[in-house]
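Working notes, structure below.
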Amino acid sequence: MGKDPVCGMDIEEKDSAGISVHKGEKYYFCWLDFHSFKF
């Protein structure tokens, strides 16, 4: 399980709208426009 870094919602990988990897860390997103998120 991961946490959406934008809204803070706990989310399962299978339920995520997208996954991004930044500096070796996986981030799970609950919304489709997650690529606009800036680290």
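Using the working numbering, the first residue of the sequence shown is number 77, and each one after it goes up by one.
Here a beta-carbon is modelled for each residue, glycine too, at the ideal position from N, C-alpha and C.
Span of the beta strand (DSSP E) around residue i
i	result
V82	Here V82 belongs to no beta strand (DSSP E), and DSSP marks it neither H nor E.
Backbone secondary structure at residue i - three-state DSSP
i	result
E88	coil
K99	coil
Pick from the options that is closest to residue i, judged by C-alpha positions
i	options	result
E88	V82, G78 and S96	G78
Neighbourhood of residue i by C-beta, 8 Å cutoff - its chain only, sequence neighbours within 5 removed
i	result
V97	Y103
7 Å Cβ shell around residue i - same chain, five flanking residues per side excluded
i	result
D80	I87, Y104, F105 and C106
Contact set for residue i: own chain, Cβ-Cβ below 6 Å, skip 5 residues either direction
i	result
L108	A93
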